[in-house]
Each structure stands twice: as structure tokens, then as C-alpha cells.
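Take the sequence shown: its position 198, counting from 1, is numbered 279 in my numbering, and each next residue is one higher.
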Amino acid sequence: MHILTHAEATERTGLIEVRGYEVELDLTTGPETFASSSTIRFAARPDSSTFVEIDAPRVRSARLNRRELDLATALDGDRIAVGGLAADNELTVVADCAYSHSGEGLHRFVDPADDEAYTYTQLFLYEAHRVFACFDQPDLKAPWTLRVTAPTAWTVLSNAAGRPVAPGRWAFDATPPVATYFAALAAGPYHSVTAVHDGIALGLHCRRSLAPFLEADELFDITRRSFDFYHALFGVRYPWGPYDQVFVPEFNAGAMENPGCVTFRDELVFRSRVTDDRRERRALIVAHELSHMWFGDLVTMRWWDDLWLNESFATWASVLAEAEATRWTESWTTFAVSEKLWALRQDQLPSTHPISADIRDLEDVEVNFDGITYAKGAAVLKQLVAWVGRDAFLQGVRAYFTEHAWGNTSLADLFTHLERTSGRDLSTWGEQWLQTAGVNTLTPHVAVDEDGAYTSVAIAQTADESHPTFRSHRIAIGLYDRTAADDGEPKLVRRDRIELDVTGEHTEVPQLSGIEQPDLLLLNDDDLTFAKIRLDERSRQTLVSDIGTLADPLPRALCWTASTDMLRDAELPTREYVELVLSGVERETDMSVVQTVLASAKNAIDRYADPADRLLLSSRWSSALHRMARDAEAGSDQQLAFTRAWAGSVASAEHIEELRALLNTTDGGDVLPGLAVDTDLRWTLLHRLVIVGAAGDGAIDDELERDNTATGRRQAAYARAARPSAEAKATAWAQAVESDELPNALLSATCSGFAHPEQRELVRPYVPLYLDAVPRVWAARTNESAQTIVVRLFPRILADMETAETVRSWLETAELPDAARRLVVEGLADIDRAVRAQACDREAGAHESIPSLP
């Protein structure tokens, strides 16, 4: 199949103007294919030639301006050549299109709970022509009108208001102009809940088997609050018709911002108890997708090089909405410890790239759609808002929406309005932050006199030699002291705060001369810039012993982020990081922070610890978590979080028996009183028993019989692949790599279970098999399936020099597309980083200094 290039898209835009699509789909033709008819009306330069895309097992006919095209010559893979165009044209293409099981195009799923079938579209970024013939690029926006034939018991949803016009026949209003990748269809026996807010019809939809868990009140509340917030923030009313939110199975992303018909992965319909950070994350996704109705849908990027702006703007706006319009008022704390940590990791990989990247073709989009697109871009936008001022920023955005409604733009169009409203020249800022890659590190250099007062403080800015850009940063510096709170408990409280600009390699801070040295000197307090921060030695010691006593959540999050980044950079030994987590996580009140640092510490033990000490450190970690789970308030989020972390790490016989005992309770019994042992937690407990060889096929089968649902099947697939035997690994490998029959959700679960970090030696023989498989998997599988296999089966769990050198040597001669090569290079960088961290841990003498078990 063809890969659309920027040059081709630009040429086609210069030749044609699409005026509308009329699409008819018949979903009653069988479980493998559906009938598709697309009539396109478009203007063109007379006598010009171009192509239209259609990816289908069988194209039945193509008629251009009342003449049949000879498909034997006109059809080339997924393109139909159309030539001799008139000023006004009508093209009708009829095809039998294939359902997908990889979450691309029109995905079809049969629910094992009741054997009901569900379908939905996911057309980002170049998948619309798997459903109907179209000019599949973002700047050829046009209205589309949809007609659908479906089983009579089904609900059918799309971007516009629709209605049944006959048994099994649905008709939808014409939409305003939309990009092809936003065309949406969801059809099946969905359970629906409806409401109206501010004149807008709202709908929530999920599979019938998930209906008891939908939590419509909470979801509608978040939606209403977000609508009200954005109406006030953007000054433009919601520009579409009804607003449906559809929770769909086997979805590859978190959600997709189809205008008026947003699709979400249905794991966001919680069927078991979750900690509040999961609810916060769900609320953020709801707000994120709604903000796209303006930025991305109403105004769409001209080409994919500005995709970052869509996603970064939505990320920034959704965090702002959550902080100012919902109960999650500390969402910027979550942003600092999750999104920004993701961005920092991505920006230090060999594959890093500028936020605003040059996108030559659609493969480049895949290469550049990552944590920089979302998280770094959002962090930088936050800086821009602070720099130009929130009022000026929003005035510019409102003018931008007004001028470019229903059209396509580039970054320059937005900057024109922001410069006009703020009076600032954004060219230098854009060059520094958007057109260069890499992240700076800000480090304090302090000198103190004999009385404990600063004689000098300076901030050094460094940059990686491969991306030697020094940027201008507006930062705050916080001075924190240990003090006793009213309840007698020690606290780290901010004594003072100063704000300044950091430029170049060296910035003096004269405001601090003569000031008594604090216990903690925190650069980038209040999280004003995007940079790595480091600590002076006194502050580092304070952090390890007292991070949990910081009174406010945002500085705690900044310290957690800094320490995790230092761990990854081999500047903080794994033992010291684990002690930091154990000393502070129990007192952490922000559940997003709790979950993030627990996961980081477990990853550090598995991959960054000196292998000679890994067993002892794991034992200390597991025992400490067990104590925390027992000491936590019964039924609390902390109890659940510590239990999940403990269950994911136990190896001793005593704790294994406690896991067995928990499986025989619903309320934790004597092991962890007050713990709700529900369906999802049962799978967590069983997974651990399987991984350590204390449970096998029979237990997996029994649990699947209890939970024969889509989620249960994913959990069982993971468990079977995670069995600690060569036979289990061979079976999982064959299912994932040698066969393409697994749907995307089961493929992902199987790959994850195969590559369990505690089963290194079982995976080691597959390194050459993996390297041999990468080129053929990339050539033969769909994009989503290929990425799943290449990323999840990469042997990063081995984390040793031997594996790194094997992969490095292979890369020297392997012939790979850029996107596939990038994923392997990123995996190799993870191994190299782990090897450096292990050396740091050895040099720190970790095996001599791990504390005794509590």
C-alpha cells in the first residue's frame, strides 16, 4: 500500500476542493466484510489528474462523471487514478471493505459475555479509506452525510444527529466540514444513557455487559463542568450537534476526538474498585477530548507537522479545566509527575525530535507521535501562557477560532493572533522551544559561610552535546525548612520564593547572598519551565529523608520527578531511590504520585539494581509494601495501591500463601482486613501466583470461567504467556509473532506476559528470533499490530551489555523502515541506560548498605 507524502498532499490540495461526501455502509453482509458506497462531489482544475484512496479486498466499481473507470488500469493498491477532471466532478466508488480486529478502520468485536457484536471506527491517521473512498488528508475537509444499514436491534451513532428511517436503516444529518480522519461510526446493541445540558444533547454509550458499571452521573458531571468551563474560556459555543461519548472495546488509544462522537477505550468503565487517581485520569481524558471539539476539530491543522499543537493544546486545556472546574484541583501536580516525566524520558532518547517537526510523509507521523507531541508540547504551551499572559493568550485563541472556523491552519496562524494580542514577538521563543530538540538541566552551585548563610548561589544550565541549545527559562526558586506543624509532626515548609530568568550556561542569583541556607533549595518551584532539575548535596539528603513531609503536593511532585530522573541518569543509586520511596510514599496524599513512584521503584529494582543485590532489594521492597498495606486504613486507596504493588512483587513462601488466602476472601480476611477483593484484584493476585509457578493452567481456566468477559480473556492471555516455562514462552511467541489471528487486545496482553522482567533467562533465547522477526512483522502486519510486537517483545528486560551489543551489531546491517528502526533504537537506549544505572548501583556499594528487613 502507498504512504502519502506531504508533497503529494500539497499537490492534491492545489488541484481539488472537496464539497461533500455521501457514504452508505451496509453492516449486515457478514462478519468479515461490509458494503461501502461513497459519492464524492469535488471541484478540480479542468483536465487535471489525481487519485482517490480506497483500501478494500474488493473494489466493485468506480464511476467518474457518469463514466465507468477501468479498474484494471485505474486501481493501484489502495489508490484509484482519476484523470480528465472537469471543473465540477462526481465520483462514486462501491467496494466490499474488511472489518478490522486491530483497532484500525472499522473494528468489529464480539463480546464473550453475551455474543453480541459491536463495531466502531478509528480512522486516525490514514485509515478512513479502509471504510469509504475518500481524499484521505486533513486539509481536504468537507461535509459528510452517512446512511447505514444495520441489524434492527442496534444503535447507530455518528458525528451528526441521526435517526432510524426504516427498520435497520439509519440516516444522519450532513456535518459541517470535517477532516476524513474524524469521520465516526459506532454501531451495535449499545447501552445508552442520555441527558441535556445547556441545550446540548448528551449521550453515554457502552456494551450491554458493562451497563451496570457505567457511572453516568459522574461522567455527565465532568462533561457538564468541562462544557461550561470551555464556553467561558474559549468564548465560542460548542460548534457541533449532539455530543456522544462511546466506550468501545479493544481500543488502541485512550480516546479519539471525533466531532460529536468521541470514542473511549472501555477500560475507562470501571468494573472493579479503583483508586482516585484512575478517576482523575478518566476525567482528564474526558476534558481532553472535549477541548478538541474546538482545537483540532473546528480548526484543524493543515498537515501533520502541526499535530503536536492539537494534542498539546488539548493536554494543557484539559489539565486547566480539571484544576479549575472539577474536584481534582491539584491536577497540575499530576501533570508534573506523570506527563512531564514521560516527556523528559522521551526527550532524552536518541530518537528525540523538535516539538514542531518536519513531517515528510505518514511514516514520519508515526515516528514523531509520542511524549514530545503531547506532554513536552503541553509543558511548553504552559510556559507560553505564562510568558504572554493568560488573558492575552486566550484573546488570541478566541480570535483564532473565529477567523479559522471550519478551516485548516498552521502554527504561524496561531502565532499571528498571539503576537497581536500580547504585543510580543514569538519568533525567538518558537525557535528555542519548538524547533530544537533535547532538554536542559538546571543545577544549583552554592557556597556557604561558617554561619550557614549563602555567600553565592548560581544556576548552571547544561545541554546534551547532541542537542546543544541553551534556552531562556523563567523559574521560581523555593527555600524550604524543616519545622514542626501544629500537630507536632515535622514538615518541610516554604520559607521564601524568588522568581528570575535563567539564560545561558551560568546565571548568578544575587538575591540569595547572605540568606540562611535552607534544608531544601528547589529550582523550578511551581513548575514554571520544562527542564531537568538537580539538587545541591544538603537538599539531596533532605529529600531522601523527608520528601514525605513537604507540606504542598506540587513541590513533592517536582522532587519525585527530579529523583526519578536522577535515577534514570545514573546519578542516584537504585538502593537510595528505593529508600527514598519507602520513606516518603506512605505519607504521600496524591494517589497519582503514589502510583507513579511505586511503578518507578519496581522498575528500578527489576532493571537498574545491581543484579547481585536484586533479590535482597526485592525482598526488602516486598516486605515493606506488605507492612504498608496492613497499616493503611481499611478500604482506603492507599491500602489498594500498596496491595497491588505488593502483590506484583512477592516471592517468599510466606507471602505466596497470603496471596492464596486473599483469593479465598472478598474482604481481605485476616490478611488485609477491609480490602475489597473484587474481579480485577483477583486477576492481579493470580498473575503473581502464576509468575512464580504457584498456579497454572487449571487456576487460569477457573478464574476465566468466573470472569468470561473481554477483560477476563485479556487477563487470562497475559497469565498464560507469563507462566514460567519454556513451553509457555514458545506458545506465546507462536501466537503473537508467527500467527496474525490474535485481535489487538489479546496480542498486547500476550506480548506483555511473555516479556515478564523476572523471567529473563526464559526470554534470552528469543533475542535472535526477535531480531529476525522485526522486518517481516513490520512488512506484513498492520501498523498497530507491528508496533505492539516490536515494542513489547523487545528484550529490554535482559538489561545487560551482551544483549545491547547483539542489538547494536544487528542494527548496523538491518534494513528497516525509519519507524521500525526508531522503536528498536529506543529499546536499545533503555538497555544502555539500565546498564549505566547498574554500574552506579555497584559503585555505591548497594550490596553492603541495603538495610535489614523491617
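All C-beta atoms in this analysis are idealised placements derived from N, C-alpha and C, irrespective of residue type, glycine included.
Taking the alpha-carbon positions, what's the residue i to residue j distance?
i           : j           : result
residue 344 : residue 560 : 45 angstroms
residue 697 : residue 687 : 12 angstroms
residue 422 : residue 646 : 8 angstroms
residue 937 : residue 364 : Nothing can be reported for residue 937: it is not among the residues displayed for the chain, which extend from 82 to 935.
residue 600 : residue 722 : 30 angstroms
residue 603 : residue 453 : 25 angstroms
residue 351 : residue 206 : 28 angstroms
residue 896 : residue 902 : 9 angstroms
residue 667 : residue 845 : 37 angstroms
residue 807 : residue 876 : 16 angstroms
residue 398 : residue 341 : 18 angstroms
residue 858 : residue 311 : 43 angstroms
residue 933 : residue 701 : Unreliable positioning characterises residue 933 in this predicted model, as indicated by a pLDDT of 46, which lies under 50. A coordinate reading is not provided.
residue 772 : residue 725 : 15 angstroms
residue 718 : residue 669 : 12 angstroms
residue 96  : residue 168 : 10 angstroms
residue 644 : residue 658 : 7 angstroms
residue 822 : residue 852 : 21 angstroms
residue 862 : residue 891 : 22 angstroms
residue 59  : residue 303 : Shown here, the chain extends from 82 to 935; a query on residue 59 therefore has no answer.
residue 476 : residue 163 : 44 angstroms
residue 797 : residue 774 : 15 angstroms
residue 625 : residue 925 : 15 angstroms
residue 237 : residue 287 : 12 angstroms
Excluding the 5 residues flanking residue i on each side, which residues of the same chain have their C-beta closer than 6 angstroms to its C-beta?
i           : result
residue 543 : 522
residue 907 : 430 and 432
residue 802 : 813, 831, 834 and 835
residue 829 : 869
residue 326 : 285 and 343
residue 136 : 159, 210 and 211
residue 679 : 726
residue 373 : 338 and 395
residue 564 : 572 and 574
residue 757 : 354
residue 44  : Here the chain comprises residues numbered 82 to 935, so residue 44 is not present and cannot be evaluated.
residue 739 : 752
Residue i by DSSP, collapsed to three states: which one?
i           : result
residue 281 : strand
residue 772 : helix
residue 867 : helix
residue 61  : In the structure displayed, the chain extends from 82 to 935; residue 61 sits before or after that span and is not available.
residue 325 : strand
residue 837 : coil
residue 700 : helix
residue 572 : strand
residue 440 : coil
residue 605 : strand
residue 746 : coil
residue 210 : helix
residue 614 : strand
residue 124 : strand
residue 684 : helix
residue 341 : coil
Going along the chain, which residues of its own chain have a beta-carbon closer than 8 angstroms to the beta-carbon of residue i, five neighbours each way excluded?
i           : result
residue 513 : 550, 552 and 553
residue 413 : 400, 404, 608 and 635
Who are the near neighbours of residue i in its chain, counting only those whose CB is closer than 7 angstroms to its CB and skipping five residues on each side?
i           : result
residue 98  : 123 and 124
residue 107 : 115, 116 and 230
residue 407 : 303, 306 and 364
Hey, residue i and residue j are a contact pair by Cβ (cut 8 angstroms); roughly how many whole angstroms apart?
i           : j           : result
residue 606 : residue 557 : 4 angstroms
residue 464 : residue 610 : 6 angstroms
residue 71  : residue 188 : The structure shown does not extend to residue 71, since the chain is modelled only from 82 through 935, so no value can be given for it.
residue 128 : residue 165 : 6 angstroms
residue 101 : residue 225 : 7 angstroms
residue 291 : residue 347 : 6 angstroms
> Do the segment 311-320 and the segment 749-763 touch if we need at least three Cβ pairs shorter than 8 angstroms?
Replying inline: Taking a contact to require three or more Cβ pairs closer than 8 angstroms, the segment 311-320 and the segment 749-763 do not qualify as touching.
> Looking at C-beta atoms only, is the number of pairs between the segment 294-304 and the segment 375-384 that lie closer than 8 angstroms three or more?
Replying inline: no
> Taking three-plus beta-carbon pairs below 8 angstroms as touching, is the segment 208-219 in contact with the segment 87-98?
Replying inline: yes
>> With a threshold of 8 angstroms, are at least 3 pairs of Cβ atoms found where one atom belongs to the segment 236-245 and the other to the segment 189-196?
In response: no
> Would you say the segment 648-661 touches the segment 918-925, given that touching needs at least three Cβ pairs under 8 angstroms?
Replying inline: yes
>> With a threshold of 8 angstroms, are at least 3 pairs of Cβ atoms found where one atom belongs to the segment 466-475 and the other to the segment 496-505?
In response: yes
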